[in-house]
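So the protein lines, in turn, are chains A and B. The first sequence begins at 18 in this note's numbering and counts up one residue at a time. The second sequence begins at 18 in this note's numbering and counts up one residue at a time. Where is the CB? At the ideal position from N, CA and C, for every residue including glycine. Scroll down for the structure; my scribbles are underneath it.
2 protein chains.
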Amino acid sequence: MKTTPILRDLVDQVINEFQITDFAKATIREVKAIAATVEKLSGMEFIKMEMGVPGLPPSAIGVEAEIQALQHGIASLYPDINGLPELKKEASRFIKAFINVDVSSEGCVPVTGSMQGTFASFLTCSQCNPQKDTILFIDPGFPVQKQQLVVMGQKYETFDVYHYRGEKLRDKLESYLKKGNISAIIYSNPNNPSWVCLKEEELRIIGALATQYDVIVLEDLAYFAMDFRQDLGKPFQPPYQPTVAHYTDYYILLISGSKAFSYAGQRIGVSCISDRLYHRKYDGLTQRYGGGTFGSVFIHRVLYALSSGTSHSAQYALAAMLKAACDGKYHFLDEVKVYGERARRLKEIFLRHDFYLVYDNDLGEPIADGFYFTIGYPGMTSGELAKELMYYGVSAISLVTTGSDQQGLRACTSFIQDHQYALLDERMAAFAQEHPIQASGKV
Amino acid sequence: MKTTPILRDLVDQVINEFQITDFAKATIREVKAIAATVEKLSGMEFIKMEMGVPGLPPSAIGVEAEIQALQHGIASLYPDINGLPELKKEASRFIKAFINVDVSSEGCVPVTGSMQGTFASFLTCSQCNPQKDTILFIDPGFPVQKQQLVVMGQKYETFDVYHYRGEKLRDKLESYLKKGNISAIIYSNPNNPSWVCLKEEELRIIGALATQYDVIVLEDLAYFAMDFRQDLGKPFQPPYQPTVAHYTDYYILLISGSKAFSYAGQRIGVSCISDRLYHRKYDGLTQRYGGGTFGSVFIHRVLYALSSGTSHSAQYALAAMLKAACDGKYHFLDEVKVYGERARRLKEIFLRHDFYLVYDNDLGEPIADGFYFTIGYPGMTSGELAKELMYYGVSAISLVTTGSDQQGLRACTSFIQDHQYALLDERMAAFAQEHPIQASGKV
């Protein structure tokens with residue numbers, strides 16, 4: 018066995034110190050800590066692809082608006098629990114401008130990051146009907162969302178969409194819904210980690226079945242409009258960000274400031290509740306709270322109990338960013354397109370050195386270049402590949418932790434620096450040479 | 018019946034429109050909305066005492082630090098889920114400086130306001146031991162904390178401390194604890210709404226019984242050091258803010274930026290977990306999360322799931338305020354002492370016009386002047402008094418909603434303006450004249 022860029026023994030020793038027996042199950046935080054430790058001990062630079070955090074400066078428009086709000090003394094004033102009126106208005110307008118959907122400003126609710134939006138959504142959906150006590154994940158997905166359900170003691174079911182694209186999605190989805198225990202369906206689009214983008218025909222299936230079985234759809238738009246195959250960034254002009262909202266009346270659109278606006282630090286997002294859902298009464302909610310609609314319970318009971326709203330100044334920031342985007346003065350996608358460009362270059366290097374893309378197409382169309390992509394190596398499991406790449410100074414998380422049944426890794430483009438492409442090329446050339454593919458080895 | 022400052026019919030009509038049949042149960046938000054509506058329709062100014070929100074400008078030190086952090090680009094960076102190291106360090110130091118208690122910085126965790134701190138505390142305490150499924154409130158208290166338990170589906174019990182001050186607290190408290198179903202005890206000190214301040218002998222009783230029955234104490238210090246009878250504002254010098262931390266090892270101190278620093282808008286606080294509690298393992302937590310201590314579950318599971326941390330810039334603000342307070346450069350109590358001064362003047366007016374203080378002493382010592390006080394009127398119930406005062410342009414909430422068994426109202430000093438003392442005096446004179454006290458009427 019040849020020498021790897023980083024000594025195998027050193028990596029193994031650090032992994033052992035973290036008491037990780039199965040590297041396929043290592044969390045993002047663990048992989049990050051191991052990579053940082055090995056980097057420090059070896060003096061060898063790591064190409065870090067495990068974290069899904071923005072690597073760009075924050076939107077200047079947001080920062081400026083936030084500073085101005087602070088200078089006006091808003092730090093002492095509790096934000097309106099319904100949300101800053103200006104932000105609610107702009108969120109409603111943003112949805113019209115970039116998704117071509119009408120959601121009243123009333124239902125557009127600021128949250129402490131989409132994480133809080135998802136938590137509040139899971140909680141409220143779970144309380145609508147005691148028979149419907151389970152959330153359904155169209156996976157792969159963001160592992161922490163399942164952790165949220167563990168924290169609140171709710172059940173979930175999940176399937177990997179890999180084998181169920183297009184029309185095949187219908188029967189698979191219905192096999193869960195017809196049992197009658199599903200309160201809500203959640204998926205992200207574009208998808209974390211696979212960067213799969215569901216097509217209109219798939220969204221239509223989800224919407225139709227949700228309506229038929231009276232299930233709420235939670236559409237996680239954390240990577241809003243970041244399908245760079247088309248220009249989704251022109252306000253009030255097609256093409257628009259695809260959405261299930263065209264196909265069902267009961268949904269929540271979870272929009273995050275973290276990735277599209279590089280505003281993760283301030284924990285700000287908006288959860289946008291459809292008009293029909295907002296005003297609907299559910300027996301379970303009436304029983305627990307003595308009244309109220311889905312929307313009023315979501316805001317005045319759940320969000321109020323969770324944190325009494327979210328940072329007042331950050332609400333001004335998001336309002337300003339959304340407004341500028343709607344006015345055509347802030348081309349937010351231009352600032353984040355670099356992720357797509359990085360993905361293109363990184364994929365090219367991996368593919369040239371015998372890797373393959375795990376989730377590689379949307380109904381035949383090559384997958385978009387974006388924030389994440391997924392890679393596999395012939396004949397290697399997720400855990401083997403994740404660990405083996407550590408010897409080559411490349412860190413990424415296994416797909417196992419994301420609800421995927423496929424063998425491979427999630428790679429995130431956000432921390433890649435310009436000088437690292439050459440480094441990756443060199444290291445992956447060595448990797449390929451050291452791991453020759455047998456004719457039969459291709460999985 | 019004489020004419021009241023505001024037409025009875027108008028007030029009654031607005032109350033009816035809000036569909037409130039029992040004014041004693043009207044929420045803060047309802048009383049606020051009714052007062053605002055009547056004020057608009059009648060053109061008569063209301064003296065608003067229902068809201069418990071800061072009425073002062075935010076701490077300049079906080080605002081400046083927050084703006085500086087934003088200028089340095091922190092808006093794009095996820096805050097460390099453990100909390101900004103500088104804030105953790107200063108919180109630990111602040112507790113030493115003003116409470117004379119040692120809590121490691123590790124256990125001092127930024128939260129999206131103490132509301133999130135309480136939610137996370139309730140949730141984590143409730144998961145430690147399946148037998149202990151109930152939170153005990155030493156009431157009166159902040160009504161929303163019980164709403165938090167309704168949202169998460171947890172049980173609570175409660176008693177009004179009014180008749181159980183001093184040594185009497187022991188038997189009463191033990192009557193609950195000995196049943197074995199209590200996971201945690203919560204109270205606020207100074208108390209919202211009664212402004213009762215528990216004495217050392219009472220805190221000793223709570224601590225000793227908590228230890229004996231292995232119960233966690235949640236000490237809500239939302240009105241930190243605002244017992245203005247003594248100067249609690251000199252760092253590292255007695256007298257200190259009293260605390261149960263001297264009498265038990267398992268506690269969480271909930272410190273809020275909202276009132277002491279007038280920083281409610283940014284939703285920032287610190288929940289400080291005692292060292293012993295932080296490092297303790299509980300079977301219930303191990304079972305649910307596969308491992309971890311109380312502290313690591315509180316941070317990496319619960320707070321992570323709730324919102325992935327709290328506003329990055331607000332953490333810089335709180336760090337700067339705590340540091341300046343510890344350094345003796347920022348006399349935060351000086352800025353909020355005005356609440357005490359307002360309470361003194363308001364109480365004098367009410368007492369002169371035949372009102373009485375409901376919670377009027379701490380083991381014989383007259384209650385402090387602070388953010389809140391409680392008033393009753395001979396022969397009138399909470400609901401009658403709250404409604405009757407609306408005709409005189411004075412809005413306040415009934416004690417019924419706070420878990421108190423006494424008849425009376427909570428009055429908050431935060432929105433009182435200088436010109437309103439004369440107005441109140443005049444209106445309460447009219448009130449007293451219209452409501453003569455019978456010799457037998459004094460309750």
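Report the residue from the options whose alpha carbon sits nearest the alpha carbon of residue i.
i: residue 293 of chain A; options: A/313, A/301, A/274; result: A/313
i: residue 283 of chain B; options: B/112, B/386, B/331, B/324; result: B/331
i: residue 21 of chain B; options: B/198, B/436, B/409, B/192; result: B/409
i: residue 267 of chain B; options: B/258, B/413, B/299, B/242; result: B/299
i: residue 317 of chain A; options: A/295, A/146, A/329; result: A/295
i: residue 107 of chain B; options: B/120, B/98, B/96; result: B/120
i: residue 272 of chain A; options: A/264, A/404, A/258, A/424; result: A/258
i: residue 310 of chain A; options: A/156, A/444, A/24, A/141; result: A/141
i: residue 288 of chain B; options: B/74, B/43, B/112, B/47; result: B/112
i: residue 30 of chain B; options: B/58, B/385, B/147; result: B/58
i: residue 68 of chain B; options: B/388, B/407, B/392, B/448; result: B/388
i: residue 417 of chain B; options: B/23, B/42, B/36, B/444; result: B/42
i: residue 104 of chain A; options: A/338, A/447, A/262; result: A/338
i: residue 315 of chain B; options: B/434, B/124, B/82, B/250; result: B/124
What's the C-alpha gap between residue i and residue j?
i: residue 455 of chain A; j: residue 373 of chain A; result: 15 Å
i: residue 134 of chain B; j: residue 453 of chain A; result: 54 Å
i: residue 252 of chain A; j: residue 390 of chain B; result: 53 Å
i: residue 414 of chain A; j: residue 302 of chain B; result: 26 Å
i: residue 34 of chain B; j: residue 127 of chain B; result: 41 Å
i: residue 226 of chain B; j: residue 428 of chain A; result: 53 Å
i: residue 213 of chain A; j: residue 270 of chain A; result: 18 Å
i: residue 459 of chain A; j: residue 131 of chain B; result: With a pLDDT of 46 at residue 459 of chain A, under the threshold of 50, the modelled position of that residue is not reliable, and the figure given next carries that caveat. Distance between the alpha carbons of residue 459 of chain A and residue 131 of chain B: 55 Å.
i: residue 66 of chain B; j: residue 411 of chain B; result: 7 Å
i: residue 457 of chain B; j: residue 394 of chain B; result: In this predicted model, residue 457 of chain B has a pLDDT of only 45, less than 50, meaning its place in the structure is not dependable; the value taken from the coordinates is given anyway. For residue 457 of chain B and residue 394 of chain B, the distance between alpha carbons rounds to 13 Å.
i: residue 202 of chain B; j: residue 242 of chain B; result: 21 Å
i: residue 207 of chain A; j: residue 178 of chain B; result: 55 Å
i: residue 358 of chain A; j: residue 274 of chain A; result: 21 Å
i: residue 73 of chain B; j: residue 250 of chain B; result: 18 Å
i: residue 356 of chain A; j: residue 404 of chain A; result: 25 Å
Tell me the residue span of the beta strand (DSSP E) that contains residue i.
i: residue 391 of chain B; result: 389-393
i: residue 204 of chain A; result: 199-205
i: residue 152 of chain B; result: 151-156
i: residue 427 of chain A; result: 426-429
i: residue 343 of chain B; result: Run containing residue 343 of chain B: none in the beta strand (DSSP E); it sits in the alpha helix (DSSP H), 329-343.
i: residue 234 of chain A; result: 233-238
Taking the alpha helix (DSSP H) that residue i falls in, what are its first and last residues?
i: residue 80 of chain A; result: 77-88
i: residue 272 of chain B; result: Where residue 272 of chain B is concerned, there is no enclosing alpha helix (DSSP H), although the beta strand (DSSP E) it sits in stretches over 268-273.
i: residue 442 of chain A; result: 437-451
i: residue 161 of chain B; result: 160-169
i: residue 281 of chain A; result: It is not in any alpha helix (DSSP H) - residue 281 of chain A carries neither H nor E in the DSSP assignment.
i: residue 318 of chain A; result: Unbroken run through residue 318 of chain A: none, as it is neither H nor E.
i: residue 191 of chain A; result: 185-194
i: residue 174 of chain A; result: Per DSSP, residue 174 of chain A belongs to no alpha helix (DSSP H); it is in the beta strand (DSSP E), 172-177.
Under a Cβ-count criterion, where at least 16 other Cβ atoms within 10 Å of its own Cβ denotes burial, should residue i be classed as buried or exposed?
i: residue 26 of chain A; result: exposed
i: residue 255 of chain B; result: exposed
i: residue 138 of chain B; result: buried
i: residue 209 of chain B; result: buried
i: residue 153 of chain B; result: buried
i: residue 184 of chain B; result: exposed
i: residue 276 of chain A; result: buried
i: residue 110 of chain A; result: buried
i: residue 378 of chain B; result: exposed
i: residue 380 of chain A; result: exposed
i: residue 383 of chain A; result: exposed
i: residue 32 of chain A; result: buried
i: residue 351 of chain B; result: exposed
Assuming the contact rule is C-beta atoms closer than 8 Å, residue i and residue j should be a hit. Round their C-beta distance to whole Å, please.
i: residue 76 of chain B; j: residue 278 of chain B; result: 5 Å
i: residue 193 of chain A; j: residue 224 of chain A; result: So it is not a contact: roughly 15 Å between Cβ atoms.
i: residue 71 of chain B; j: residue 93 of chain A; result: 5 Å
Please find out if some non-hydrogen atom of the ligand ZN comes closer than 7 Å to the beta-carbon of residue i.
i: residue 265 of chain B; result: Absent from the structure shown: the ligand ZN. Ligands present: none.
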